[in-house]
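Protein chains in written order, with my numbering: chain E, -2 to 243; chain L, 863 to 978.
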């Protein structure tokens, strides 16, 4: 971005101890904050391409398992009910059930949504560091950062369980078009969650070591929070488009 | 931006340097957003197990509910509602391109058709 007015000397618009360095652009906005919003905007395009690919390939798989339909291992016929597949001549032992497990994914969705609440409370804890009432453990940033990371890890656990179950049921990334587009989309999202959990654990370690306080630390946590919420909103779209709508 | 001790060493921040300082939603608002997110998700999952699933309105209804959840998280948790317009436009630019890309590809590959 443009050169900051304050950069004319040493690049620091302000320094208030704790190694704080605020870098302002000519817009008057912190350049790291502009960068994260630009990054989030570009990430929207990445996930749009992955979601588009999934939707385009939806219903075009030649062999099962299918996301919402019953299919036959032998004849590859597809129907919306088990009886429908049987009526098309498929033996009961060859019927494959719809593979998406909505109850399990609903739980993981709830966990990820609640992790966003924990994240805003962590940011509030950093912003109000040292203020009366915020010295209690359940109001502090350490607790909420740990909770956010824990819920992120739980979401990843649900995803690992789901992927393992799918593989056991015969769906891998190379089984059919559904498998390829599904694992690519949800795998990319899982990779983003993993990066977020590592980021949160790093912030938690810094918080444990020296405490997160001051304007620079608020900004650093705010940027991490924006990334985390973005990962959450992407999942909101994935849950509806991939899991619920047939 | 700078305290008195450091002003000598560093020039003061430009007058507009605080433009990215914004208000945040309150604790109460955060809790209400979490409540509505949970409720809408519960309704989405409940609807999935009802006969309404077979209706032609099922997908549009879910898309509206999902859009409401998306907007709530972006507006309140990502506090874009309270933030500077440049952040808002950076995000909306990416989101608009993403939405148009999805729609264009769905039309191109025959998943959506004008006039049914």
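Glycine included, C-beta positions come from ideal geometry on N, C-alpha and C.
| Check | Outcome |
| --- | --- |
| From the DSSP output, in three-state form, read off residue 940 of chain L for me. | coil |
| Contact criterion: CB-CB distance below 8 Å. Does residue 75 of chain E meet it with respect to chain L? | no |
| Please go through the same chain and pick out, in chain order, the residues whose beta-carbon is closer than 8 Å to the beta-carbon of residue 150 of chain E, but skip the five residues on each side of it. | 194 |
| DSSP state of residue 27 of chain E, grouped into three classes? | strand |
| So if DSSP puts residue 69 of chain E in a beta bridge, which residue, or which two residues, is it bridged to? | E:92 |
| Can you check whether the C-beta of residue 914 of chain L is within less than 8 Å of a C-beta belonging to chain E? | no |
| Using 8 Å for Cβ pairs, my map puts residue 61 of chain E next to residue 72 of chain E. What's the rounded Cβ distance? | Rounded, the Cβ-Cβ distance is 10 Å, inconsistent with contact. |
| Give the interface partners of residue 237 of chain E over in chain L, defined as CB-CB distance under 8 Å, in chain order. | 906, 924, 925, 927 and 928 |
| Suppose contacts are defined by Cβ-Cβ distances below 8 Å. Is residue 142 of chain E in contact with residue 201 of chain E by that definition? | yes |
| In the region 134 to 161 of chain E, which residues sit with their C-beta less than 9 Å from some C-beta in chain L, listed in chain order? | none |
| Using a cut-off of 7 Å between C-beta atoms, extract the partners of residue 931 of chain L located in chain E. | 233 |
| Could you please tell me which residues of the region 103 to 122 of chain E, in chain order, have their CB closer than 9 Å to any CB of chain L? | 103, 106, 107, 110, 111, 113, 114, 116, 117, 118, 120 and 121 |
| Could you give the DSSP three-state label for residue 167 of chain E: helix, strand or coil? | coil |
| For a contact meaning CB atoms closer than 7 Å, what does residue 944 of chain L contact in chain E? | Correct list: empty, because the minimum Cβ distance to chain E is about 12 Å. |
| Determine whether the Cβ of residue 919 of chain L lies closer than 8 Å to any Cβ atom of chain E. | no |
| To the nearest angstrom, report how far apart residue 855 of chain L and residue 229 of chain E are at their CA atoms. | With chain L covering only 863 through 978, there is no way to say anything about residue 855 of chain L. |
| Measure from the C-beta of residue 229 of chain E to each C-beta in chain L and report whether the shortest distance is under 8 Å. | yes |
| With a cut-off of 8 Å on the beta carbons, I'd call residue 138 of chain E and residue 204 of chain E a contact; round off their distance for me. | 6 Å |
| By Cβ distance below 7 Å, which residues in the same chain neighbour residue 932 of chain L in space, the five residues on each side in sequence not counted? | none |
| Indicate the three-state DSSP secondary structure (helix, strand or coil) for residue 74 of chain E in the structure shown. | coil |
| Of the choices E:209, E:97, E:129 and E:77, whose alpha-carbon is the least far from that of residue 180 of chain E? | E:97 |
| Below 8 Å on the Cβ atoms is my guess for residue 902 of chain L versus residue 927 of chain L; work out the distance and round it to an integer in Å. | 5 Å |
| What three-state label does DSSP hand residue 950 of chain L in the structure shown? | helix |
| Note down the Cα distance separating residue 40 of chain E from residue 83 of chain E, rounded to an integer number of angstroms. | 44 Å |
| Three or more beta-carbon pairs under 8 Å between the region 162 to 171 of chain E and the region 115 to 128 of chain E, yes or no? | no |
| Within 10 angstroms of the Cβ of residue 166 of chain E, are there 16 or more other Cβ atoms? Answer buried if so, exposed if not. | exposed |
| Does any residue of chain E bring its CB to less than 8 Å from the CB of residue 901 of chain L? | no |
| Report all residues from its chain with a CB closer than 6 Å to the CB of residue 178 of chain E; omit the five preceding and five following residues, and keep chain order. | 50, 51 and 54 |
| DSSP three-state label for residue 191 of chain E, please. | helix |
| Within the 8 Å Cβ cut-off, does residue 45 of chain E reach chain L? | yes |
| What did DSSP end up calling residue 41 of chain E once you bin it into helix, strand or coil? | helix |
| Could you list which residues in chain E have their beta carbon closer than 7 Å to that of residue 976 of chain L, in chain order? | The contacting residues do not exist; residue 976 of chain L stays about 17 Å from chain E at best. |
| Mind checking if residue 937 of chain L is an interface residue toward chain E, Cβ cutoff 8 Å exclusive? | no |
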